[in-house]
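Worksheet: the structure to be examined is printed underneath.
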Amino acid sequence: MMDAVTFEVIQSRLSGIVREMQDSIFRTGYSTIIRESQDASCMLLDAEGNVVGEHVILPLHVAALPEVVRAVRRAFDDIVAGDAFITNHPYIAGVTHSMDMAVITPVFHAGTLIAFCGSIAHKSDLGGVVPGTAYGSARELFQEGIQYPPIRFVAGGEPRRDIEAILRANSRTPDLVIGDIRGQVGVARLGERRLAEVIARYGIDALLETFATAGVVAEKRIREALATWPDGVHEAESFIDTDGVTPDSQVRYHVRIEKRGDRIAFDFTGSDDQRGGPVNISPSLARGCCYYALIATIDPTLANNAGVARVVETTFRPGSVLNPRSPAPCCTYLATCMAIVEAMLVALSDFVPARRMAGNGGTGGISITGRRATGENFVQYEPIGSAYGGRATSDGVSGIAVLLSNTRAASIEILESEFPTRVRRFELIRDSGGPGRYRGGLSPRRVWEVLVDDAQLTCRGGKHDVPASGADGGEPGALGSLTINAGTPSARSLSSRFSGVRMMRGDILTLEKAGGGGLGDPHTRPFEAILSDVIDGYVTLDAAINRYGAERSRLTSALEQWEGNVATR
Amino acid sequence: MSRRLRVAVDTGGTFTDFVVLDESSGAMDVFKVPSTRGSEADGIVRGLRDYLERTGARGDDVVYFSHGTTVGTNAILEETGARTGLLVTSGFRGIYEVGEQSRPYGATTYDLFFERPRALVPARLTQEVPERVLFDGSVLDSLDEAAALEAIRTLVRRGVTSIAVAFLFSFRRPDHERRVAELIAREAPGVNVSLSSDVAPQIREYYRLSTTVVNAYLNPKLESYIAALDELLTQQGCERRQRFIMRSNGGVATFAAAAERSVQTILSGPAAGVVAASRLIAGSERFPNVVTFDMGGTSTDVALIEGGRPIRRMGGKVHGRDVLVPMLDIHTVAAGGGTIARIDAAGMLQVGPESAGANPGPVCYGQGGTEPTITDANLVLGVMSEENPLAGGTLRLDRAAAERAIREKIAQPLGLSVIAAARGIVEIVSVKMQEAIKVVSSNRGYDLRDFHLLAFGGAGAMHAAQMAEELGMRGVLVPAFPGVTSALGLLLSDVRNDYVASELSPIDRTDAAHARAIFERLRAQGEATLLAAGFAREQLRYECALDLRYAGQGYDLTVALDAVPDGPDALAATRARFDVEHAQLTGHSAPDEVVEIVNYRLSAIAAVPHASIASPFPSTGTLEAARLGERQTYFDGEEPQTTILYDRTKLPPGAVIDGPAILLQSDATTVINRGRRARVVELGQLEILAA
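Residue numbers (the numbering used here), protein chains in the order written: chain R, 1 to 569; chain W, 1 to 691.
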């Protein structure tokens with residue numbers, strides 16, 4: 001292995017290059033999606049498509065770009081310096097979903113292809129049935145926008161105007177799309193220049209050796225960790241409420257993890273057949289979920305690179321929801337990815353109980369669209385976090401974006417200044433955390449009042465039917481719900497995934513996200529922790545007594561003592 | 001003989017730095033005393049008293065006192081602030097509990113055991129108050145005073161000594177918050193009150209609330225600290241009026257003002273260093289563009305100064321807390337003299353982020369440190385030496401111990417020589433610091449070839465020359481007293497109070513007279529405060545700015561105005577300037593899109609007569625006279641090289657020194673690598689360039 005100092009120095013340089021690319025793409029991103037939601041990731045890959053430099057923004061992007069490099073290399077045997085390739089194809093190139101465009105450029109040194117610089121970024125619109133391209137009720141891939149297999153976008157430094165013309169002609173927002181893709185090419189060129197500087201300073205051999213060593217180091221660490229786990233097989237399953245096109249159509253995901261020595265294999269054969277709605281995902285994406293779950297279980301500071309990819313062995317059944325036959329739709333990938341990550345975390349923690357975590361409250365958001373009094377249309381979109389489950393050594397975190405999702409909350413004051421709705425409440429839901437020795441996190445409740453005559457409500461959420469599971473004797477978290485005019489005779493309860501439900505002026509909309517599951521028998525939760533939760537209003541007195549088994553007299557006298565104590569401070 | 005002394009005191013984790021300037025003679029004295037953690041005021045006054053005794057000066061010679069403090073920073077880091085209560089609009093507890101909702105990027109994304117920083121106010125000390133103001137300032141639900149009183153009583157019963165009040169849209173209509181403040185004053189006169197409409201009157205409820213909570217959490221501590229210091233200074237006979245505290249925004253505040261807005265002091269120390277850089281160096285025609293590089297014991301602060309002006313930002317995360325107050329844009333990386341090198345689980349060499357800090361400190365301090373640090377590596381490489389103790393001779397270095405630690409913990413496991421291991425440690429930390437410099441410069445679109453690296457802090461000038469070369473910067477500048485540069489900045493700061501008003505409106509539909517009225521209101525506020533603090537009207541000036549955004553954007557950009565807008569054209573011109581600045585920052589603009597005003601900003605500035613700083617070093621002399629001897633060093637290669645040592649304080653103006661050389665002075669060490677040439681330029685500063 002190469003010398004430790006040079007390795008660490010070049011590693012720091014590579015991560016610095018990726019950060020610079022990342023800052024640059026956010027700075028120069030043309031569309032608000034890139035700028036505001038930061039839904040874009042940059043990477044450096046070696047000539048075979050192994051990731052050698054990354055800075056995690058969205059973990060699943062890290063799984064997609066290696067497939068893109070391989071697809072480009074399969075499709076082209078005449079790659080030259082100055083080329084740039086694009087693709088958004090989930091099947092041919094393993095892209096997350098077809099709203100994301102991948103851009104890669106080759107890096108040559110002395111005539112040899114040594115690396116690729118690339119990025120993957122959400123696009124404002126690439127055609128399809130609905131504006132924005134992501135269609136929650138898609139029944140086939142072709143309804144999810146125009147599909148671009150690997151295409152040469154720039155040829156030896158010359159932009160191909162014909163390709164740009166096709167992209168333009170197939171987008172509702174042609175300037176944004178072309179502006180963003182050019183920005184991605186620019187960022188890749190920046191990466192190329194920076195790599196050339198590293199080569200000039202440290203030499204090509206040191207760079208290539210660092211590429212190789214990074215994977216070796218990560219693989220070694222993971223295999224060493226695996227070797228300390230007991231051999232065996234563990235299984236787990238998870239569900240999402242609906243596939244988006246068929247009512248009451250729970251989707252089941254199943255994983256069987258076998259660990260022998262320093263090897264680990266994930267078998268997803270037991271998952272449902274592919275579905276008619278867009279909850280299918282490609283095997284490469286599912287592998288990305290395996291990397292996430294494994295890194296999270298072993299050590300979150302591990303680099304997500306080729307070393308991890310080499311360790312993970314996978315089996316996917318053709319025709320299943322995780323290995324669908326084209327053109328099965330696949331644009332709402334995140335819910336599926338979250339579900340399989342959750343199942344894997346459960347099964348993995350059977351090997352390493354110290355990393356156990358109960359189920360989480362899931363992701364999702366709502367959008368309210370309509371027409372203002374002035375006649376203008378508005379689209380109010382809000383991603384709402386949920387809660388983590390209880391963990392082997394601590395309670396779940398409350399009111400937070402979980403696992404693969406990481407979006408910010410929208411400001412109430414900005415929303416009310418811009419949109420004809422009013423937020424009536426925003427608070428954590430008491431008793432929503434599943435009871436356990438380690439309590440599940442509490443999820444948020446958000447209540448809106450509609451201030452226009454006619455509005456449409458769309459929801460992409462989950463866990464209205466299947467709660468966050470408890471673990472090791474902990475109880476599940478509270479179910480999520482979405483209700484119009486709750487507590488009135490006209491109350492109407494809605495599912496977790498739908499579009500276009502009508503609302504009228506004065507309607508009150510209540511979203512309650514699902515809480516995290518509890519971990520461990522709630523009766524073993526220390527009295528002081530139960531008391532503390534009651535004082536903070538996270539758990540009701542009744543729940544403390546009935547679900548945690550706290551003794552009523554002891555609890556009430558402790559509460560009185562607390563009030564008395566602080567009174568005398 | 002009566003003198004007029006200006007005293008600047010910068011409290012750090014290990015040492016408290018003093019700069020005393022004699023106004024009449026221009027003579028400057030610098031010295032360090034050990035910091036007295038927990039009773040900082042005592043340490044400061046002891047240092048001052050010793051100085052007065054040593055020099056025969058009297059307490060009433062001190063006509064000006066300016067102070068950079070870490071009391072607020074430490075209280076945040078160690079969570080030792082006040083027992084604080086929070087009052088929110090009924091139904092909206094979630095604003096504080098959910099916060100931003102997202103997690104940090106990087107490894108945290110994978111971390112199942114991630115924890116938020118502990119809330120400074122727990123739910124049990126949060127009470128809801130029925131009231132609701134709407135976005136246009138109208139009242140939907142009026143304040144329920146009986147319920148408010150009950151909430152206050154509950155908090156007081158639960159032992160709070162400080163209360164934060166943060167209601168929705170209070171920045172539009174502060175009436176409800178103000179009424180609650182009156183109720184608190186009546187009900188519990190001893191309790192400190194922070195209103196969100198005072199502390200951060202800006203749109204975006206979570207950030208306003210968080211800022212107010214931090215302020216409330218720190219206020220009692222800052223208040224008693226400042227009162228104690230004030231009293232001790234008075235006992236010494238020091239002038240009463242001219243006493244100032246440095247704020248994060250790069251301006252100083254009177255003691256009274258600082259105690260009310262403690263949230264604005266959390267970057268007090270680092271801000272002073274940037275002010276010194278902008279005034280002393282970048283303020284000159286010659287070096288308008290610098291990146292500051294302040295390397296201390298546990299961390300390194302970097303900031304970019306373009307055209308003599310440091311960059312400000314209007315809020316951000318400081319020590320994990322979201323605060324919405326103007327501050328200098330300072331980026332901190334965990335790399336300093338005490339940063340630890342170790343072999344990780346995979347057998348690779350890692351440097352940082354762990355630090356041995358001041359206690360136990362590096363191995364060579366002989367205070368119980370066992371893990372090799374940057375300082376130990378520098379000692380092994382000959383950058384530092386046993387013959388040159390630190391901190392005015394109070395700290396002797398043990399080279400053998402440093403060498404042993406590096407051999408056993410790093411060199412032997414990696415199969416390297418001790419020298420190679422020490423060089424490796426320094427190289428890795430150097431690359432990390434270079435990446436930090438890129439974050440504030442090239443990653444934001446600045447070209448480092450236009451910038452000097454301005455090195456200060458105890459360790460900055462040891463590493464700067466090498467780093468600047470690798471970054472392709474123009475050169476390195478080292479101020480006369482690198483170790484006390486921050487303290488010097490305290491003598492060069494104006495009083496600066498920032499005001500903000502939030503009102504969302506499309507700029508092309510905003511009445512200029514209305515905008516002017518808002519600025520006038522802020523100006524009147526600023527003027528009244530400064531006049532009350534004893535400044536004369538002719539000392540005052542004002543800076544105006546608007547925070548603008550393209551409609552619907554999630555962030556806004558602060559655009560400076562030349563003056564309070566006095567006609568419709570002024571707003572149109574500002575909009576055009578926004579397009580230009582947006583293009584500079586992000587690479588694109590959208591002149592056809594609607595631009596919205598988000599915030600109106602005004603800074604009221606009282607120019608404090610600046611100390612005139614002369615070169616502290618002799619104006620005559622020879623290089624030969626400054627020569628101290630020579631030493632074998634390894635900072636340029638594996639082979640020992642003979643390196644000449646100079647006394648920095650004896651170098652005459654214009655002196656030229658070729659590397660390899662080391663310049664020594666009591667507060668810092670400067671390394672001039674082989675192939676580099678240093679020249680003494682104005683004010684005793686040093687410029688290092690390629691030879």
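C-beta atoms are modelled at their ideal positions from N, C-alpha and C, and glycine is treated no differently.
Check whether Gly-434 (chain R) and Gly-516 (chain R) have beta carbons under 8 Å apart
yes
Compute the beta-carbon to beta-carbon distance between Val-291 (chain W) and Val-440 (chain W), rounded to the nearest angstrom, for a pair I have assumed lies under 8 Å.
7 Å
Kindly list, in the order they appear in chain R, the residues whose Cβ is closer than 9 Å to that of Asp-111 (chain W).
Ala-296, Pro-300 and Thr-301
Can you tell me which of R:Ile-384, R:Thr-336, R:Gly-203 and R:Thr-297 puts its alpha carbon nearest to the alpha carbon of Arg-252 (chain R)?
R:Thr-336
Closer than 8 Å between beta carbons: that is the criterion. Which residues of the region 59-91 of chain R meet it against chain W?
Pro-59
By Cβ distance, which residues of its chain are closer than 7 Å to Gln-466 (chain W), with the 5 residues on each side in sequence left out?
Ser-430 and Asn-673
Is the CB-CB distance between Leu-349 (chain W) and Ala-41 (chain W) below 8 Å?
no
How many whole angstroms separate the CB atoms of Ala-468 (chain R) and Gly-365 (chain R), which I take to be in contact at a CB cut-off of 8 Å?
Between Gly-365 (chain R) and Ala-468 (chain R) the Cβ distance is about 18 Å, and since that is not below 8 Å, they are no contact.
Would you call Ile-166 (chain R) buried or exposed, if buried means 16 or more other Cβ atoms sit within 10 Å of its Cβ?
exposed
Work out the CA separation of Leu-490 (chain W) and Phe-135 (chain W) for me, nearest whole Å.
41 Å
Val-594 (chain W) (DSSP reduced to helix, strand or coil)
coil
If the cut is a Cβ gap below 7 Å, which residues of chain A does Ile-535 (chain R) touch?
In summary, chain A is missing from the structure at hand, where the protein chains are R and W.
Beta carbon proximity, Ala-4 (chain R) to chain W, threshold 8 Å
yes
For Leu-557 (chain W) and Phe-578 (chain W), the rounded distance between their alpha carbons
8 Å
Tell me, please, whether the region 298-315 of chain R touches the region 330-345 of chain R by the rule of three or more beta-carbon pairs shorter than 8 Å.
no
Tell me which residues share the same chain as Ala-543 (chain R) and place their Cβ nearer than 6 Å to its Cβ, disregarding the 5 neighbours each side in the sequence.
Asp-431
Are the CB atoms of Val-133 (chain W) and Leu-183 (chain W) within a distance shorter than 8 Å?
no
With a CB to CB cut of under 7 Å and the five nearest residues on each side skipped, what residues in its chain are close to Ala-583 (chain W)?
Ser-589
The region 207-222 of chain R: which residues have C-beta closer than 7 Å to a C-beta of chain W, in chain order?
Val-217, Lys-220 and Arg-221
Going by C-alpha to C-alpha distance, which of W:Gly-352, W:Asn-289, W:Phe-293 and W:Ser-355 sits closest to Pro-482 (chain W)?
W:Phe-293
What would DSSP say about Thr-339 (chain W), mapped onto helix, strand or coil?
strand
Does DSSP put Ala-293 (chain R) in a helix, in a strand, or in coil?
helix
Report yes if the C-beta distance between Ala-256 (chain W) and Phe-244 (chain W) is below 8 Å; otherwise report no.
no
Sequence-distant residues of the same chain with beta carbon closer than 8 Å to Ala-691 (chain W), five excluded per side
Asp-658, Gly-659, Gly-675, Arg-676 and Arg-677
Which of helix, strand or coil does DSSP assign to Lys-575 (chain R)?
No statement about residue 575 (chain R) is possible, as the shown extent of chain R runs from 1 to 569 and does not include it.
Please list, in chain order, the residues of the region 413-437 of chain W that have any C-beta partner in chain R closer than 7 Å.
Leu-414, Gly-424, Glu-427, Ile-428, Val-431, Lys-432 and Glu-435
Is Asn-599 (chain W) close to chain R, meaning its C-beta is less than 8 Å from at least one C-beta of that chain?
no
State yes or no: is the C-beta of Ala-354 (chain R) within less than 8 Å of the C-beta of Gly-385 (chain R)?
no
Does Met-467 (chain W) have its Cβ less than 8 Å from a Cβ in chain R?
no
Find the residues of chain R that neighbour Phe-92 (chain W), judging by a C-beta separation of less than 9 Å, and give them in chain order.
Ile-412, Val-423, Arg-425, Phe-426 and Glu-427
Between Ala-134 (chain R) and Asn-192 (chain W), what straight-line distance do the alpha-carbon atoms span, to the nearest angstrom?
52 Å
Does the CB of Tyr-253 (chain R) have a neighbour CB from chain W at under 8 Å?
no
Return the chain-ordered list of same chain residues with a C-beta closer than 8 Å to the C-beta of Thr-556 (chain R), the five sequence neighbours on each side being excluded.
Leu-541
Of the residues W:Phe-617, W:Thr-642 and W:Tyr-634, the one placed nearest Ala-655 (chain W), counting alpha carbons only:
W:Phe-617
Go through its chain and collect everything with a Cβ distance to Thr-524 (chain R)'s Cβ below 7 Å, but skip five positions before and after it.
Arg-437
So which of W:Ala-358, W:Ile-305 and W:Arg-118 has the shortest CA-CA distance to Gly-12 (chain W)?
W:Ala-358
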